[in-house]
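Listed in order, the protein sequences are those of chains E and V. Quick note on numbering: the working numbering labels position 345 of the first sequence as 345, and the sequence is numbered without any gaps. Quick note on numbering: the working numbering labels position 33 of the second sequence as 413, and the sequence is numbered without any gaps. Idealized CB from N, CA, C, for every residue including glycine. In what follows, a single structure is set out as structure tokens and then discussed.
There are 2 protein chains.
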Amino acid sequence: MSSRGVRHDSMRARNLAVVLATIHRSGPHTRAALAERTGLTKTTVSSLVADLLEAGAVTETGAVRAGERGRPGVAVSLSGHRVAALGLEINIDYLAACVVDLTRTVRVRHIIPADNRNSDPAVILERLRGLAKEITAEAAAEGLRVIGAALAVPGLVEGGMLRSAPHLGWRDVRVADLVDVPLEIDNEANLAALGELWFGPRESDFLYVSGEIGIGAGLVVQGGVFRGTYGLAGELGHVVVVPDGPGCRCGGRGCLEVYAGQDALLGDLGSVTELVRVLESGDEAALEACRRAGHALGVALTSAVHLLDPGTIVLGGIFAPLFPWLSEPVSAGLETRLGQMRGAPPALAVSSTGSDAAVLGAAGLVIQQIIAEPAKLLGL
Amino acid sequence: MSSRGVRHDSMRARNLAVVLATIHRSGPHTRAALAERTGLTKTTVSSLVADLLEAGAVTETGAVRAGERGRPGVAVSLSGHRVAALGLEINIDYLAACVVDLTRTVRVRHIIPADNRNSDPAVILERLRGLAKEITAEAAAEGLRVIGAALAVPGLVEGGMLRSAPHLGWRDVRVADLVDVPLEIDNEANLAALGELWFGPRESDFLYVSGEIGIGAGLVVQGGVFRGTYGLAGELGHVVVVPDGPGCRCGGRGCLEVYAGQDALLGDLGSVTELVRVLESGDEAALEACRRAGHALGVALTSAVHLLDPGTIVLGGIFAPLFPWLSEPVSAGLETRLGQMRGAPPALAVSSTGSDAAVLGAAGLVIQQIIAEPAKLLGL
DNA sequence: AACTTTTAGTCCATAATCTGTACTTATCCT
DNA sequence: AGGATAAGTACAGATTATGGACTAAAAGTT
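Put into structure tokens, the structure is as follows:
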């Protein structure tokens, strides 16, 4: 709730953002079409587009004939040639980075396998800094200037600081000076949700369920992630499934994570790939684990639907490859439990962005910021 | 997400709103203080304040000395003398209406007891129309012009239409032409949450839990109510407490409502007042019912806290008079279950607005709109 | 082939609004 | 009484959007 007044310069900044956002949301437009949609005059739009062209945010991409007669307009599209966003991720067993241009095209991508459990933050961050430098240079070779970055971490983030990442064994780590552009830090599940929004087929509001070692969720509302008062919202993994169930590492009992976390699903198996293999061969213990997890997910998601009212539920992370075995029990659970309360339960979908969701979402967050505040980030 | 461009008139409209909102949030200000806080110049603020004075939204209320020396400034405060908001409520056993001025002072208030269960919408709405007319006239006698209204109903609202109100026995009722000013309709729990925000001691984000026959909740985030994709968010009453518990009227099993709804709490007793009396006399069955309800609330709220991350939890409706008996088991449940996950569980508080919360919140919603868009609603 | 219609985009004078400096007003301090 | 300090106002100037006139480019019409 900005309580700052609007001045001439912020009026123009806002109008630049409106034009850019319109192109971003609805594809290439002629200046005339932009004027129509934004309610601004053709003159004003021309002037705004001129600034955006100069800043390299948009390009003119040939003539389009609007109706049958009249002078054809010139389509103005987002430019993939000048500015770009850097996405970074620290996870349990890898470091990842990608550079994405304004058209949401992934231009460069790197993943370094690593065992980051109980690691020294300084060492890992130094390695990540190197990776960022390298990938920024590769982007520069393609003519792209990275103007912002975001970092996804598997833990709780508050005030730009990593408060705790149990699986990394990190506490209160300040991430600064990693790159020489503005850097955002956010939770893996939140950014994976944005990844699904920006690089998947989603259009509207949805709840992204991120199955990793823990289970997180990111609720996307009106193009942004709902974070709650302290940024701790979306902890689906600790929603209560059985009030007197087995103890959970969080101190609670019968949390979803106990039934559907990676450890519960894998049992003795070493990896999700392996689990999928034995599921395909019809292994009864594995099938039963999936049924149990699906049932628990159905219960927790029922509570989540009642509280959050998402339009769609997207299963991601390790739940994505397991979707064929989870989908049935989860949607059955939702259907019988939600029953009379609403027309139909939210649609259940599988994530399309795979394990890249979080890095991609990190880059997407930056692109979102560029489009929301072009004047600030493009130096207009 | 407005995609409309900013023009000169919308710039001014925004600045009027910024000034008014600053006074509303932080009390009377001199023009100089407003300039400081909004980032606008003194000149601009003077001009904006002049318009707001003329529209009757603010008044000058005497001199204030800022520092030690210098000319004293003139405090500009919200005016309670010209414009007002109408709050309306249809509930199971009464109709209510109130007129509130911009200073949040309740100027007129009426409650008509009535048995609205399984009633004819047309009849009740006609009665409400009469009540609205009457109270508007009484406000006019005090010099107040009602410029907007909102209606609280115990049911699901979608697209300005009452989809279903099970306890009234209403379905798909269109409420139009009830009054001759713009009318909003919303769910009782959502508006009660706003009532707590506007007329209670709350400042920041909180989850308002509304105990009535059903149990609803309204999450207040950044001054507004979080509604979800279809406006169905906050159905705390059907969060799963025991996955295989007793069936609920919603079709699910073991919902919170089964354990902590009015029916479960009252047992054979006729009213909450009566329940309080027997609790005070130490009736063991009643105490046990409260403990059970408190335990169930603790479980459901744990899930809610993990998903929504509210700063505070406010118990309202019938939970308010029962707070002395519920507070202990609820906060114990939250504390042990949330344990390691966050610093401390959200504070647990009792609602101060009593059974008026929803009507008051309805009026508060209108005032919120006046303050957010003064140019539109005051005709500037 | 020339003329008309239609739509896109630009030019330029005008209008709306905010800014900044100078000025007036009101109070306290010495 | 004179000076210092802060609030509020006046007015010229700056910024940005508007609106109508103009140019540009295409298709239809005669």
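is_contact[residue 638 of chain V, chain E] using C-beta, thresh 8 Å: no
Residue 302 of chain E - DSSP class collapsed to helix/strand/coil: helix
Alpha-carbon to alpha-carbon, residue 704 of chain V and residue 657 of chain V: 13 Å
Rounded separation between residue 235 of chain E and residue 55 of chain E - CA only: 40 Å
Proximity below 8 Å, CB of residue 207 of chain E to CB of residue 217 of chain E: yes
Neighbour flag for residue 302 of chain E against chain V, beta carbons, 8 Å: yes
Short Cβ contact (8 Å threshold) for residue 57 of chain E with residue 378 of chain E: yes
Assigned secondary structure, residue 554 of chain V (DSSP; H/G/I helix, E/B strand, else coil): strand
Residue from E/168, E/261 and E/299 whose Cα sits closest to the Cα of residue 289 of chain E: E/261
Residues that DSSP places opposite residue 89 of chain E in a beta bridge: E/96 and E/152
Sub-8 Å separation of residue 76 of chain E and residue 86 of chain E beta-carbons: no
Residue 543 of chain V to residue 553 of chain V span [Cα, whole Å]: 7 Å
Span of the alpha helix (DSSP H) around residue 48 of chain E: 42-55
Backbone secondary structure at residue 295 of chain E - three-state DSSP: helix
Of the listed residues E/200, E/205 and E/214, nearest to residue 187 of chain E (C-alpha basis): E/214
Separation of residue 607 of chain V from residue 157 of chain E, as counted between CA atoms: 25 Å
Buried or exposed by the 16-neighbour rule on C-beta atoms within 10 Å, applied to residue 404 of chain V: buried
Rounded distance between the beta-carbons of residue 22 of chain E and residue 34 of chain E, thought under 8 Å: 6 Å
Integer-rounded CB distance, given that residue 445 of chain V should sit under 8 Å from residue 425 of chain V: With 8 Å as the limit, residue 425 of chain V and residue 445 of chain V do not qualify as a contact, their Cβ atoms being about 19 Å apart.
Chain-ordered chain V contacts of residue 153 of chain E [CB-CB under 7 Å]: Going along chain V, no residue has its Cβ under 7 Å from residue 153 of chain E, so there is no contact; the nearest lies around 17 Å.
Cβ contact (3+ pairs, closer than 8 Å) linking the stretch 556-564 of chain V and the stretch 723-737 of chain V: no
Bridge partners - residue 224 of chain E, DSSP secondary structure assignment: E/221
Terminal residues of the beta strand (DSSP E) in which residue 260 of chain E lies: Element bounds for residue 260 of chain E: not the beta strand (DSSP E) but the alpha helix (DSSP H), 256-260.
Whether residue 329 of chain E touches residue 295 of chain E by CB criterion (8 Å): yes
Cβ pair residue 106 of chain E, residue 139 of chain E closer than 8 Å: no
Which listed residue (E/302, E/82 and E/194) has its alpha carbon closest to that of residue 203 of chain E: E/194
Sequence-distant residues of the same chain with beta carbon closer than 7 Å to residue 381 of chain E, five excluded per side: One cannot answer for residue 381 of chain E here, as it falls past the ends of chain E, which runs 1 to 380.
Alpha-carbon spacing of residue 123 of chain E relative to residue 246 of chain E, whole angstroms: 37 Å
Cross-chain neighbours of residue 735 of chain V in chain E, by beta carbon under 9 Å: Chain E residues near residue 735 of chain V: none, gap ~24 Å exceeds 9 Å.
Cβ pair residue 353 of chain E, residue 200 of chain E closer than 8 Å: yes
Enclosing beta strand (DSSP E) for residue 411 of chain V [first to last residue]: No beta strand (DSSP E) contains residue 411 of chain V, which is instead part of the alpha helix (DSSP H) from 411-418.
Own chain, CB closer than 8 Å to residue 613 of chain V, minus 5 neighbours either side, in chain order: 599, 606 and 607
Cβ-Cβ distance between residue 240 of chain E and residue 231 of chain E below 8 Å: no
Run of the alpha helix (DSSP H) containing residue 367 of chain E, from where it starts to where it stops: 357-372
Cut-off 6 Å between Cβ atoms - residues of its own chain near residue 314 of chain E, not counting five sequence neighbours on either side: 196, 206, 208, 349 and 351
Exposure label - residue 469 of chain V; buried when at least 16 CB within 10 Å: buried
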